[in-house]
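Numbering (the numbering used here), first residue to last: 749 to 1168.
This is how it looks when you write it as structure tokens:
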């Protein structure tokens, strides 16, 4: 009979230990399925700024979309009037400017989302490390309780041999319970934090994919509109009464672009000098086209323009098939990546520091945006015949301290074929 009583007492102690382990395990399970809303505050300011930036860009995009629709309505109103061809061209040019602004806006949103995602992935790594650490502490405590065998909270209290000892043991049990609760609470908080970060990361990735799709649509629309504008431009070149207006528009546009380039280039040169933008120019001057494309259709300097008659040609024209990749002559930072319907068409300008710039014009499309740092030979766009152009070719301009140079001076060893 005493033996049976001892066995029952032993069984009762084991039950208390198991109950405690089960309770801790249940707490962990509840922690893992709670609604999860947490995030790390350490990155809150940066994320908030980026979110505000995206919100502002979306407002700007909405305004640009409305402006583009207004232009479309104006164009539709005069589209059937052949006498208003120059006005039609002006409206189509403005549409292309509006689309270009939309593309730049969308690219900025994509860049902001990429920055958000990169930051959030860092936050996620920290949160997951905290969760793993909390889970290890929980498992360690559960193993310790399992290995303790018959020892339980109640057994510790019941072993007191005096009232003072009982109070000491109760205080110790309170500390143990508080520790166990903290272990579970930390695990709950860590798991909530991970799930919250994952939810925001998913949201940012959805926003990124949405803007990528928007960018694809905008580029497709730009290609269609550019074709329409080019057809009208070619039509106007054959009309004597339109030639003078086209020539004036081209001169004004090129002058405006030159002023913008000079201003931006000086700002970038200062940043390069301060090493806030670091460039690797490469070695010498890299030929921007595949070696087989070396036919000159118009040299730098005096020429007889097919549209305007005698004039001073500001660059070098090299014939090449449509969509031939164009490489950066030297490493640099993108000063301008834009569309000039009356002159350069799709064009890119690179600053190489120390007052040097190169301009690449009449592209079918561009592969870089303003602020990009490119390496020597990197593709910046593709050969085309956009803007004031007569056939697929690359137009290159080279400036040092604002003064145009003959681009052939960069390629003394290229065996050009002169068809100018």
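C-beta: ideal position from N, C-alpha, C; glycine also.
* **Assigned secondary structure, residue 1073 (DSSP; H/G/I helix, E/B strand, else coil)** => Counting from 1 along the chain shown, the entry for residue 1073 is found at position 325. In the three-state reduction of the DSSP assignment, residue 1073 falls in the strand class.
* What separation, rounded to the nearest whole angstrom, lies between the Cα atoms of residue 862 and residue 1088? -> Here residue 862 refers to the residue found at position 114 when the chain shown is read from its first residue. Here residue 1088 refers to the residue found at position 340 when the chain shown is read from its first residue. In this structure, the alpha-carbon of residue 862 lies about 29 angstroms from that of residue 1088.
* Among 1060, 1084 and 1112, the one whose alpha carbon lies nearest that of residue 1072 -> Residue mapping note: residue 1072 aligns to position 324 of the chain shown, counting from 1. Restricting attention to 1060, 1084 and 1112, the CA atom closest to the CA of residue 1072 is found in 1112.
* To do: On the DSSP bridge assignment, give the partners of residue 1086 in chain order.
  => For the purposes of this step, residue 1086 is taken as the residue at position 338 of the chain shown. Residue 1086 pairs with 1095.
* To do: Give every residue of the same chain whose Cβ lies closer than 7 angstroms to the Cβ of residue 801, excluding the five residues on either side of it in the sequence, and list them in chain order.
  => Here residue 801 refers to the residue found at position 53 of the chain shown. These residues qualify, in order along the chain: 860.
* Between the C-alpha atoms of residue 1011 and residue 869, what's the straight-line distance to the nearest angstrom? -> Along the chain shown, one-based indexing puts residue 1011 at 263. Along the chain shown, one-based indexing puts residue 869 at 121. Residue 1011 and residue 869: Cα-Cα distance of roughly 38 angstroms.
* **Contact the region 1039-1051 vs the region 1092-1101: 3+ CB pairs below 8 angstroms** => By the Cβ test, the region 1039-1051 is not in contact with the region 1092-1101, since fewer than three Cβ pairs between them sit closer than 8 angstroms.
* **Exposure label - residue 1021; buried when at least 16 CB within 10 Å** => Numbered from its first residue, the chain shown carries residue 1021 at position 273. For residue 1021, the number of other beta carbons within 10 angstroms of its own is below 16, and it is reported as exposed.
* **Residue nearest to residue 876 in terms of C-alpha spacing, selected from 1084, 980, 944 and 1077** => Residue numbering aside, residue 876 sits at position 128 when the chain shown is read from its first letter. Closest by C-alpha distance to residue 876, out of 1084, 980, 944 and 1077, is 944.
* Compute the distance between the beta-carbons of residue 1100 and residue 1019, then report whether it is under 8 angstroms. => Taking the chain shown and counting its residues from 1, the one referred to as residue 1100 is at position 352. Taking the chain shown and counting its residues from 1, the one referred to as residue 1019 is at position 271. At a Cβ-Cβ threshold of 8 angstroms, residue 1100 and residue 1019 do not count as neighbours.
* To do: Go to residue 1129, then tell me how far its beta strand (DSSP E) extends in each direction, as first and last residue.
  => Taking the first residue of the chain shown as 1, we reach residue 1129 at position 381. Per DSSP, the unbroken beta strand (DSSP E) holding residue 1129 starts and ends at 1127-1131.
* Local Cβ density within 10 Å of residue 1151, reported as buried at 16 or more and exposed below that -> Position 403 of the chain shown, counting from 1, holds the residue named residue 1151. Exposed.
* Just the Cα atoms here: how many angstroms apart are residue 1083 and residue 1105? -> What you label residue 1083 is simply residue 335 of the chain shown in a count that begins at 1. What you label residue 1105 is simply residue 357 of the chain shown in a count that begins at 1. Near 9 angstroms, if we compare the C-alpha coordinates of residue 1105 and residue 1083.
* Given a cut-off of 8 angstroms, decide if residue 1063 and residue 1145 are closer than it, judged by their beta-carbon atoms. => In the chain shown, the residue the question calls residue 1145 occupies position 397. In the chain shown, the residue the question calls residue 1063 occupies position 315. Cβ atoms of residue 1145 and residue 1063: closer than 8 angstroms.
* **Residues bridged to residue 1035 [DSSP beta-bridge criterion]** => As a first step, residue 1035 must be located in the chain shown, where it is residue number 287. Residue 1035 is not bridged to any residue.
* To do: Look up residue 774 in the DSSP assignment and say whether it is helix, strand or coil.
  => Here residue 774 is taken as the residue at index 26 of the chain shown, counted from 1. Interpretation of residue 774 is limited by its pLDDT of 41, a score under 50 that renders its predicted location unreliable; the figure taken from the coordinates is listed afterwards. If DSSP states are grouped into helix, strand and coil, residue 774 belongs with the helices.
* Which whole-angstrom value describes the C-beta separation of residue 997 and residue 1086, a residue pair presumed to lie in contact below a C-beta threshold of 8 angstroms? -> By one-based count along the chain shown, residue 997 stands at place 249. By one-based count along the chain shown, residue 1086 stands at place 338. The C-beta separation of residue 997 from residue 1086 comes to about 16 angstroms, leaving the pair out of contact by the 8 angstroms criterion.
* Could you tell me how far apart the beta carbons of residue 1118 and residue 1076 are, in whole angstroms, since I believe they sit closer than 8 angstroms? => The residue labelled residue 1118 in the question sits at position 370 within the chain shown. The residue labelled residue 1076 in the question sits at position 328 within the chain shown. Actually they are not in contact, since the Cβ atoms of residue 1118 and residue 1076 sit about 15 angstroms apart, beyond 8 angstroms.
* Asked: Can you tell me the Cα-Cα spacing of residue 813 and residue 1158, whole angstroms?
  -> As a working mapping, residue 813 is identified with position 65 in the chain shown. As a working mapping, residue 1158 is identified with position 410 in the chain shown. So the alpha carbons of these two residues sit roughly 43 angstroms apart.
* Asked: Which of the three DSSP states, helix, strand or coil, is assigned to residue 1080?
  -> Here residue 1080 is taken as the residue at index 332 of the chain shown, counted from 1. In the structure shown, residue 1080 sits in a strand (DSSP, three-state: E or B).
* Asked: How many angstroms separate the CA atom of residue 1040 from the CA atom of residue 947?
  -> Counting from 1 along the chain shown, the entry for residue 1040 is found at position 292. Counting from 1 along the chain shown, the entry for residue 947 is found at position 199. Straight-line Cα distance between these residues: approximately 52 angstroms.
* To do: For the beta strand (DSSP E) containing residue 1066, list its first residue and its last residue.
  => Against the chain shown, residue 1066 aligns to sequence position 318. Per DSSP, residue 1066 is one residue of the beta strand (DSSP E) stretching across 1064-1067.
* Close Cβ partners of residue 1006 (< 6 angstroms) along its chain, the five nearest in sequence each way excluded -> Here the question's residue 1006 lines up with position 258 in the chain shown. Around residue 1006: no qualifying Cβ.
* On the premise that residue 1017 lies in contact with residue 1125, defined as a C-beta separation below 8 angstroms, what is that separation, rounded to the nearest angstrom? -> Within the chain shown, the letter at position 377 stands for residue 1125. Within the chain shown, the letter at position 269 stands for residue 1017. The pair is not a contact, with the Cβ atoms about 22 angstroms apart (cut-off 8 angstroms).
* To do: Assign residue 881 to one of two classes, buried (16 or more other C-beta atoms within 10 Å of its C-beta) or exposed (fewer than that).
  => Against the chain shown, residue 881 aligns to sequence position 133. Classification for residue 881: exposed.
* Asked: Just curious, the beta strand (DSSP E) that residue 1145 is in, first and last residue?
  -> The count along the chain shown starts at 1 and reaches residue 1145 at position 397. For residue 1145, the uninterrupted beta strand (DSSP E) segment begins and ends at 1141-1148.
* Quick one: is residue 783 buried, meaning 16 or more other Cβ sit within 10 Å of its Cβ, or exposed? -> As a first step, residue 783 must be located in the chain shown, where it is residue number 35. Caution applies to residue 783, whose pLDDT of 33 falls short of 50 and renders its modelled position unreliable; the value that the coordinates give is listed next. Flag for residue 783 reads exposed.
* Can you tell which of 841, 993, 1069 and 867 has its C-alpha closest to the C-alpha of residue 973? -> Residue mapping note: residue 973 aligns to position 225 of the chain shown, counting from 1. The residue with the shortest Cα to Cα distance from residue 973 is 841.
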